[in-house]
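This report refers to the structure that appears directly beneath it.
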Amino acid sequence: MANYARIKSTGKPKVVVIGGGFGGLELVKALSTAQVQVILIDKQNYHTFQPLMYQVATSGVEADSIIHPFRKVFEKQENFFFRLAEVERVDTEQQLVETSIGLVRYDYLVIATGATTNYFGDAQMEQNAISMKSVTDAITLRNTILCNFENALQLDDPEQLNSLMDYVIVGGGPTGVELAGALSELKLHVFPKDYPELDFQSMDIHLIQSGGELLKGMSPEASQKSLEFLEKMGVQVLLNRRVKSYDGHTVTLTSGETLTTRNLIWAAGVTGNPVSGLKPESLLRGNRLQVDEYNRVAGYDNVFAIGDIAAMVTPENPHGHPMLAQPAIQQGKLLGKNLPRLMAGQPLEPFHYHDQGAMATIGRNKAVADLKLFGKEIKTQGFLAWLIWMFIHLISIVGFRNRLMVMSNWFWNYFTYDSGNRLIIGNKQENIPIKETITHKTVL
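And the structure:
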C-alpha cells in the first residue's frame with residue numbers, strides 16, 4: 025500500500041510547489057485567493073534572504089535576521105499547506121511527488137528548487153572549499169574565520185600562522201566582491217581589537233577572477249570602480265586567473281602561482297538543482313529545465329519551473345534569464361496569475377523579464393549600481409549607490425522584525441565600527457588537522 029504524506033484534502037486542485045526561495049514564495053502569495061490547495065515542500069522550514077548571507081558569514085547580522093518561517097509568512101493564507109521534507113523524485117505519469125515523508129499527489133507541479141554550488145566536477149575543491157549557498161554555509165564560514173584566529177594565537181610558525189589568517193575568494197561576482205570588501209573592513213576595524221596579539225598587516229585577502237573584469241554582466245564603470253574600491257581597501261585582485269587545485273592548504277593556479285590558506289571561499293558559479301524523474305531532454309546545459317514562455321517545462325502540460333532552475337531561452341537571453349532574484353520573483357508572480365487562467369481555459373500571459381538592473385556593495389559608503397528606471401539607465405558608484413543598495417535590500421527582506429533587526433545592526437556597525445555577532449556556534453571547516461602541521465608556542 026502506498027505511503028501518502030498526511031495532508032488534508034480540500035477538494036480543490038492541488039498546486040504543489042517544490043522550493044520556497046524567491047520564486048516559490050511569490051507564487052504562493054499570488055495564489056492566495058485562487059480556488060486551489062497550495063502545498064509547499066521544502067527541506068527547510070524558512071525562507072532565506074540570500075543577498076545578505078555574506079553578512080552572516082562576516083558577523084554583520086544574525087542568521088535569524090535574514091530567515092523567516094514559511095508558516096509565519098503564510099499564517100493568514102487559508103489555502104496554504106507546508107510540509108518539511110526532502111523531495112526524492114517526481115512521477116509525472118501518476119502525478120506524484122515522492123518525498124521523505126511519503127507521496128504527495130498534485131494536479132499542477134511547480135519546481136522552484138533554485139541552484140546549488142557548481143564545483144565543475146572538482147571533488148577535491150568540493151571537499152575543501154567553503155561555499156555560500158545556505159545559512160548553514162554562512163555560519164560555517166563565520167565559525168571557521170573566528171576559530172582560525174583563535175588557533176593562530178597558539179602558533180609560532182610564520183607559514184602556518186599566515187595560512188590561518190589569509191583568505192582566498194574564488195569568483196568575482198557580487199558574492200565574491202562583497203565578501204572581499206567585508207573581510208577587508210573586519211581586518212581594518214574589528215579583528216585588531218579582538219586579537220591584539222596578531223599582526224594583521226600580514227593578513228592577505230585574495231580575490232581570484234577567471235575573466236578580465238569583476239561583476240561580469242554589470243557596466244564597465246561598475247566593474248572598474250569595484251576594482252578600484254577593493255584595491256584601495258587592500259584586497260589583492262587577481263584577474264584572468266583560474267584555480268587549478270586546492271588541497272585544503274595550498275591553492276595552485278593555472279598560471280603556476282601558489283597561495284597558502286586554510287580559508288578558500290568558493291563563489292565561482294552555480295548550477296541548477298533539478299529533481300529526478302523528469303525527461304532527460306527537458307534538462308539543458310547548466311542543469312536548468314527548459315521552459316516555454318509560460319514557464320511550462322518542455323514535454324509537460326502541468327509541470328512548471330520558475331527561478332534559477334528554469335531556462336527560458338529567448339533571443340535576448342540565449343542561455344536563459346540571469347540566475348538572480350528578480351527573474352524568479354517576476355516569474356512566480358506571473359505564474360500565480362496564469363495557473364487560475366489555465367484552470368479556467370483562458371489564454372495565458374507570456375513572461376517578459378523587466379530588468380531592473382544590478383548592484384553590489386563593497387564596503388562602508390562604497391557600492392556600485394546599474395539601475396533601469398522609467399526606461400532610463402542610471403549608473404552610480406560610491407555613497408549614493410551604497411544608500412540605494414541598503415534601501416532596496418532593506419525593503420526586500422521578508423518580515424518587519426527582520427527588517428528592524430538588520431537596520432539596527434547596520435546602524436550599530438556604521439557608527440561604532442564594530443560587528444557584534446562574532447560567535448562560534450556549530451561546525452567549522454577544518455581540512456587538515458592543525459595539530460598535524462604546526463608547532464605550538466612555548467608556554468611561558
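Under the working numbering, think of the first position of the sequence shown as 25, with each following residue one higher. We put the CB at the ideal spot given by N, CA and C, even for glycine. All values derive from a computational prediction rather than experimental measurement.
If you compare alpha carbons, which of the options is closest to residue i?
{"i": "A87", "options": "T123, K96 and L76", "result": "L76"}
{"i": "H345", "options": "E305, E150, G310 and L418", "result": "G310"}
{"i": "T278", "options": "I289, R286, L263 and T285", "result": "L263"}
{"i": "E150", "options": "F253, K100, G293 and E112", "result": "G293"}
{"i": "K268", "options": "A334, Q61, G145 and P371", "result": "G145"}
{"i": "F439", "options": "I421, R388 and H417", "result": "R388"}
{"i": "Q184", "options": "C171, W410 and T284", "result": "T284"}
{"i": "M156", "options": "N142, Q148 and A147", "result": "N142"}
{"i": "K100", "options": "K53, T160 and N69", "result": "K53"}
{"i": "A352", "options": "W434, A136, N27 and Q118", "result": "A136"}
{"i": "S89", "options": "M429, N437 and I402", "result": "M429"}
{"i": "I469", "options": "V80, A81 and A29", "result": "Shown here, the chain extends from 25 to 468; a query on residue 469 therefore has no answer."}
{"i": "G423", "options": "K390, T72, T385 and T57", "result": "T72"}
{"i": "N326", "options": "R265, Q178, Q119 and M414", "result": "Q119"}
{"i": "L108", "options": "S234, E255, G44 and K211", "result": "G44"}
{"i": "P37", "options": "W410, L363 and Q178", "result": "L363"}
{"i": "F407", "options": "R427, S420 and A384", "result": "A384"}
{"i": "I229", "options": "L251, K217, Y191 and D218", "result": "Y191"}
{"i": "D394", "options": "R320, S158 and M242", "result": "M242"}
{"i": "F375", "options": "N152, L411, F415 and R320", "result": "R320"}
{"i": "P298", "options": "I42, M414 and K32", "result": "I42"}
{"i": "T295", "options": "H343, T274 and L254", "result": "H343"}
{"i": "A58", "options": "R427, L411, G399 and A368", "result": "A368"}
{"i": "A235", "options": "E252, G197, D218 and L308", "result": "Sequence check: residue 235 is Gly here, not Ala. Considering only alpha carbons, the answer is G197."}
{"i": "G126", "options": "A26, D180 and D181", "result": "A26"}
{"i": "D148", "options": "E281, T276 and L133", "result": "Strictly speaking, residue 148 in this sequence is Gln, with Asp absent from that position. Per the Cα distances, T276."}
{"i": "K67", "options": "G360, E112, D316 and R266", "result": "E112"}
{"i": "F98", "options": "A206, L55, Y132 and L308", "result": "L55"}
{"i": "L418", "options": "M431, A409 and W410", "result": "M431"}
{"i": "L133", "options": "T282, N426, V60 and D181", "result": "V60"}
{"i": "A349", "options": "T164, S420, F415 and F328", "result": "S420"}
{"i": "L222", "options": "S306, E401, L179 and H378", "result": "L179"}
{"i": "R446", "options": "T34, K217, S158 and G205", "result": "K217"}
{"i": "W434", "options": "D161, A206, L238 and V261", "result": "A206"}
So what does residue i bridge to, in DSSP terms?
{"i": "T276", "result": "S269 and T282"}
{"i": "I289", "result": "I154 and I193"}
{"i": "Y441", "result": "BP columns for Y441 are empty, so no partner."}
{"i": "R129", "result": "L120"}
{"i": "D146", "result": "DSSP lists no partner for D146."}
{"i": "E401", "result": "K396"}
{"i": "I135", "result": "I42 and A329"}
{"i": "S48", "result": "This sequence places Gly at residue 48; Ser is not what is there. Looking at the DSSP assignment, G48 forms no beta bridge with any residue, so it has no partner."}
{"i": "Y28", "result": "L127"}
{"i": "K390", "result": "G387"}
{"i": "L199", "result": "Note that residue 199 is Thr in the sequence shown here, rather than Leu. Paired residue(s): none; T199 is not in a bridge."}
{"i": "G381", "result": "L395"}
{"i": "Q260", "result": "H230"}
{"i": "T141", "result": "V294"}
Within this structure, are the beta carbons of residue i and residue j separated by less than 8 angstroms?
{"i": "M257", "j": "S300", "result": "no"}
{"i": "E102", "j": "S124", "result": "no"}
{"i": "A246", "j": "V392", "result": "yes"}
{"i": "G200", "j": "A139", "result": "no"}
{"i": "L231", "j": "I193", "result": "yes"}
{"i": "R286", "j": "L203", "result": "no"}
{"i": "I330", "j": "R312", "result": "no"}
{"i": "P93", "j": "Y70", "result": "yes"}
{"i": "G84", "j": "S443", "result": "yes"}
{"i": "T116", "j": "Y318", "result": "no"}
{"i": "F105", "j": "F173", "result": "no"}
{"i": "M227", "j": "K211", "result": "yes"}
{"i": "K4", "j": "Q380", "result": "No answer is possible for residue 4: it lies beyond the span of the chain, which begins at 25 and ends at 468."}
{"i": "Y270", "j": "A153", "result": "yes"}
{"i": "G450", "j": "N167", "result": "yes"}
{"i": "M336", "j": "V315", "result": "yes"}
{"i": "I5", "j": "L165", "result": "Here the chain covers residues 25 to 468 and nothing more, so residue 5 does not appear."}
{"i": "F253", "j": "I386", "result": "yes"}
{"i": "V114", "j": "L302", "result": "yes"}
Taking 7 angstroms as the cut-off, is the beta-carbon of residue i closer than that to any non-hydrogen atom of the ligand ADP?
{"i": "I42", "result": "Looking for the ligand ADP in the displayed structure turns up nothing, as the structure carries no ligands at all."}
Quick one: does residue i have its CB under 8 angstroms from some CB of chain C?
{"i": "D325", "result": "The chain inventory of the structure shown lacks chain C, comprising one protein chain alone."}
Handout entry: Runs of beta strand (DSSP E) lying entirely within the stretch 296-335, each at least 3 residues, in chain order
Key = For the stretch 296-335, whole beta strand (DSSP E) runs of length 3 or above, ordered along the chain, are 312-314 and 327-329.
Practice task
Could you pull out every unbroken beta strand (DSSP E) segment of at least 3 residues lying fully inside the stretch 217-242, listed in chain order?
Solution key: Every beta strand (DSSP E) stretch that sits fully inside the stretch 217-242 and reaches 3 residues is listed by chain position as 229-233.
Practice task
Kindly provide the ranges of any beta strand (DSSP E) runs that are 3 or more residues long and lie completely inside the stretch 52-114, ordered along the chain.
Solution key: With a minimum length of 3 residues, the continuous beta strand (DSSP E) runs that stay inside the stretch 52-114 are 61-66, 70-72, 91-93 and 104-108.
Exercise for the section: Could you tell me whether the stretch 348-364 touches the stretch 42-55, where touching means 3 or more Cβ pairs closer than 8 angstroms? Expected result: The stretch 348-364 vs the stretch 42-55: in contact.
Exercise for the section: At 3 residues or longer, and completely inside the stretch 339-383: list those beta strand (DSSP E) runs for me, N to C. Expected result: Taken in chain order, no unbroken stretch of beta strand (DSSP E) lies wholly in the stretch 339-383 with a span of 3 residues or more.
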